[in-house]
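Enquirer: One structure follows; several queries about it will come next.
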Amino acid sequence: MNNKTSGDWRPTAALEVLRLRARLLESIRAFFSERGVLEVETPILSAAAVTDPMLASLATRYTGPLFPRGQTFFLHTSPEFPMKRLLAAGSGSIYQIGRVFRDGEAGRLHNPEFTMLEWYRVGFDHHRLMDEVAELVMQLLAPTQSLEAPERISYREVFRRHAGLDPHTATSADFAAAARERRISVPKDLTSQNDLATWRDLLLTHAVEPKLGQGRLTFIYDFPAAQASLARILPGEPPLAARFELYLNGIELANGFHELADADEQRARFERQLHARAAGGQAVVPVDERLLAALSEGLPDCAGVALGFDRLVMLAAGARSIAEVMAFPVDRA
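Next up, the structure:
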C-alpha cells in the first residue's frame with residue numbers, strides 16, 4: 659500500500675453531515691416539485707468553454723469515434739448555457755443539481771469540483787427570483803438555525819455603508835483612500851492603474867463582504883453595468899446590471915440575473931471577454947455558438963440563479979470549510 663495514501667482513504671465529512679446533505683437534496687427536490695419546476699440534466703462536457711476572465715475551465719481530450727481524434731472538451735463551470743438552450747426550446751421553468759468544475763480554485767470555500775444548484779424561472783425578474791431564493795434557503799436552514807428576516811440592499815448603498823464611497827462615481831484615488839483607511843493591502847500594479855472594476859472587487863471582498871449576512875440573508879442587487887456578466891442592463895444613469903448576489907455570515911451563496919436574451923449583445927460580451935483573456939495571457943477558448951443560436955431563436959423572459967450547495971451545507975452544519983461537508987475533496991480524490 660502507498661504510504662502517502664494509506665491514511666487518507668476516509669471521508670473528510672462526518673457521516674452525519676453526509677446524511678444532512680442527503681436530506682437537503684431531498685428538500686430541494688420537494689420544493690421545486692411543489693412549484694412545477696422541471697428537474698433536468700445537461701452535459702458536463704462541452705465543446706465550448708467559459709469566456710469569463712475570472713473563471714478557468716478544466717479540459718479533457720476525447721479519442722473515440724464521431725469526432726476528430728484528439729477533440730478537446732471542457733468540463734463545464736456551470737450548466738447555464740445548455741439550460742438556456744432548453745429554455746429556448748420551450749422547456750418552461752427548470753432546475754438542475756450537478757457537479758461543476760473550476761480550475762485554480764481551492765481553499766476553505768473552494769474545491770475544483772463542487773455541487774451547484776441552478777434554476778431558471780420563466781416570467782420572473784431578478785426581484786421576484788430573490789423572493790424564491792429567500793424562501794428556499796430559509797426553509798432549508800430553518801431546522802439548524804434561527805435567522806432574522808432577509809434584507810435587500812443596492813450595490814451602491816452597501817458600498818456607502820461599509821466602504822464609505824459611491825462605487826458608481828468614485829475615482830481610483832477615492833478607492834485607494836478607502837483601502838488605506840481600512841488597512842487593505844493593495845497590489846502594486848493596481849496603485850498605478852485607473853482600473854475601477856478591480857478597485858470595486860478589492861473593496862467588495864475586503865471591506866464589504868465580511869460585513870454581509872450577519873444572522874440574516876442579505877441580497878445585494880443592481881450591480882455596475884460592467885459586472886453584468888449574462889444579465890440585462892437596466893436603463894438609467896448610471897446603467898445598472900439586473901443582477902443580485904446572496905450572502906450569509908459573510909459567505910457568498912448565490913448569484914442571479916434577469917437573463918440577457920439578446921444574441922448580438924451576448925456575442926459582443928463574449929468577444930470583449932476573449933480580448934480581456936488574451937490581454938491577461940489566458941487561453942482564448944471557443945465560444946458557445948449553440949447558445950448564441952438558441953438566443954437568436956428566442957429565450958423566454960426569465961431570471962436564473964446559481965447557488966453553491968456545498969456552502970449551503972456548510973452553513974446548515976456549522977462547518978468551517980467545505981472539506982467538512984464533502985465526502986472526498988480534491989486532496990482525497
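Using the numbering used here, the first residue of the sequence shown is number 659, and each one after it goes up by one. For glycine and all other residues, C-beta sits at the position ideal for the given N, C-alpha and C. All values derive from a computational prediction rather than experimental measurement.
#1: Just confirm the distance between the C-beta atoms of residue 965 and residue 774, as a whole number of angstroms; I'd bet it's less than 8 Å.
#2: Classify residue 944 as buried or exposed, calling it buried when 16 or more other Cβ atoms lie within 10 Å of its own Cβ.
#3: Can you tell me whether DSSP reads residue 725 as helix, strand or coil?
#4: Tell me whether residue 981 is buried or exposed, calling it buried when 16 or more other Cβ atoms sit within 10 Å of its Cβ.
#5: Would you please state the rounded distance, in angstroms, between the beta carbons of residue 853 and residue 961? I believe it to be under 8 Å.
#6: For residue 725, does the count of other Cβ atoms within 10 angstroms reach 16, so buried, or fall short, so exposed?
#7: Buried or exposed: where does residue 914 fall if 16 or more other Cβ atoms within 10 Å of its Cβ makes it buried?
#8: Using 10 angstroms around the beta-carbon of residue 880, count the other beta-carbons present and answer buried if the total reaches 16, otherwise exposed.
#9: Give the C-beta separation of residue 889 and residue 903 to the nearest angstrom, bearing in mind that I take them to be a contact with Cβ-Cβ under 8 Å.
#10: Hey, is residue 871's beta-carbon within less than 8 Å of any beta-carbon in chain C?
#11: Residues in the same chain with beta-carbon distance under 7 Å from residue 761, minus the five sequence neighbours each way, listed in chain order, please.
#12: What are the boundary residues of the alpha helix (DSSP H) that includes residue 995?
#13: For residue 734, which of 759, 746, 772 has the nearest alpha-carbon?
#14: Please confirm whether any heavy atom of the ligand MG lies closer than 7 Å to the CB of residue 968.
#15: Here's a check: name, in chain order, each residue in its chain whose Cβ is nearer than 8 Å to the Cβ of residue 864, leaving out the five neighbours to either side.
#16: Shortest alpha-carbon distance to residue 859 belongs to which of 738, 987, 844, 926?
#17: Does the separation of the CB atoms of residue 700 and residue 741 fall below 8 Å?
#18: Mapping DSSP to helix, strand and coil, what is residue 782?
#19: Less than 8 Å between the C-beta atoms of residue 684 and residue 690, yes or no?
#20: Ordered along the chain, which non-local residues of its own chain (more than five positions away) have a Cβ less than 7 Å from that of residue 949?
#21: So, are the CB atoms of residue 979 and residue 766 less than 8 Å apart?
#22: For my contact list, residue 983 and residue 795 are in at a C-beta cut-off of 8 Å; report their separation, rounded to the angstrom.
#23: Kindly indicate which three-state DSSP category residue 926 falls into: helix, strand or coil?
#24: Which one of 728, 668, 667, 772 has the shortest CA to CA distance from residue 971?
#25: Along the chain, where does the beta strand (DSSP E) containing residue 802 start, and where does it finish?
#26: Could you tell me the distance, in whole angstroms, from the CA atom of residue 931 to the CA atom of residue 937?
Expert: Here's the rundown:
#1: Sequence index remark: in the sequence shown, residue 965 carries index 307 (1-based). Sequence index remark: in the sequence shown, residue 774 carries index 116 (1-based). With a Cβ gap of about 7 Å, residue 965 and residue 774 count as contacting.
#2: Your numbering for residue 944 matches position 286 in the sequence shown. Residue 944 counts as exposed, since fewer than 16 other beta carbons sit within 10 angstroms of its beta carbon.
#3: Sequence index remark: in the sequence shown, residue 725 carries index 67 (1-based). Of the three classes helix, strand and coil, the one that applies to residue 725 here is coil, per DSSP.
#4: Within the sequence shown, the letter at position 323 stands for residue 981. Around the C-beta of residue 981, 16 or more other C-beta atoms lie within 10 Å, and the residue is accordingly described as buried.
#5: Mapped onto the sequence shown, residue 853 falls at position 195. Mapped onto the sequence shown, residue 961 falls at position 303. Distance from residue 853 to residue 961 at the Cβ level is roughly 30 Å; contact not present, criterion being Cβ atoms closer than 8 Å.
#6: Translated into positions along the sequence shown, residue 725 becomes position 67. Its Cβ having fewer than 16 others within 10 Å, residue 725 is exposed.
#7: Here residue 914 refers to the residue found at position 256 when the sequence shown is read from its first residue. Looking at its Cβ environment, which holds 16 or more other Cβ atoms inside 10 Å, residue 914 is buried.
#8: Counting from one through the sequence shown, the residue named residue 880 turns up at place 222. Classification of residue 880: buried, given that the 10 Å Cβ count is 16 or more.
#9: Taking the first residue of the sequence shown as position 1, residue 889 is located at position 231. Taking the first residue of the sequence shown as position 1, residue 903 is located at position 245. Actually they are not in contact, since the Cβ atoms of residue 889 and residue 903 sit about 11 Å apart, beyond 8 Å.
#10: No chain C is present in this structure, which holds just one protein chain.
#11: As a working note, residue 761 is residue 103 in the sequence shown. Non-local C-beta neighbours of residue 761 in its own chain, meaning closer than 7 Å and more than five positions away in sequence, comprise 714, 715, 716, 770, ordered along the chain.
#12: Only positions 659 to 991 of the chain appear in this structure, which leaves residue 995 out of reach.
#13: Residue mapping note: residue 734 aligns to position 76 of the sequence shown, counting from 1. Looking at 759, 746, 772, the one whose alpha-carbon comes closest to that of residue 734 is 759.
#14: Although the ligand MG was asked about, the structure shown includes no ligands whatsoever.
#15: To locate residue 864, count along the sequence shown from 1; it is residue 206. 837, 840, 842.
#16: Indexing the sequence shown from 1 puts residue 859 at position 201. Among 738, 987, 844, 926, the Cα nearest to that of residue 859 belongs to 844.
#17: The sequence position of residue 700 within the sequence shown is 42, counting from 1. The sequence position of residue 741 within the sequence shown is 83, counting from 1. Yes, the pair counts as a contact, with Cβ atoms nearer than the cut-off.
#18: Position 124 of the sequence shown holds residue 782. Coil at residue 782, not helix or strand.
#19: Position 26 of the sequence shown, counted from the start, is the residue given in the question as residue 684. Position 32 of the sequence shown, counted from the start, is the residue given in the question as residue 690. It is not a contact, given that the beta carbons lie outside the stated cut-off.
#20: Here residue 949 is taken as the residue at index 291 of the sequence shown, counted from 1. These residues qualify, in order along the chain: 739, 742, 743.
#21: To locate residue 979, count along the sequence shown from 1; it is residue 321. To locate residue 766, count along the sequence shown from 1; it is residue 108. The answer is yes: Cβ separation under 8 Å.
#22: Within the sequence shown, numbered from 1, the residue matching residue 983 stands at position 325. Within the sequence shown, numbered from 1, the residue matching residue 795 stands at position 137. Between residue 983 and residue 795, the beta carbon gap of about 16 Å keeps them out of contact (Cβ cut-off 8 Å).
#23: On the sequence shown, position 268 is the one that residue 926 refers to. In this structure, residue 926 counts as helix in the three-state DSSP scheme.
#24: Counting from one through the sequence shown, the residue named residue 971 turns up at place 313. Closest option to residue 971, Cα to Cα, is 772.
#25: Here residue 802 refers to the residue found at position 144 of the sequence shown. It is not in any beta strand (DSSP E) - residue 802 carries neither H nor E in the DSSP assignment.
#26: Numbered from its first residue, the sequence shown carries residue 931 at position 273. Numbered from its first residue, the sequence shown carries residue 937 at position 279. Distance between the alpha carbons of residue 931 and residue 937: 10 Å.
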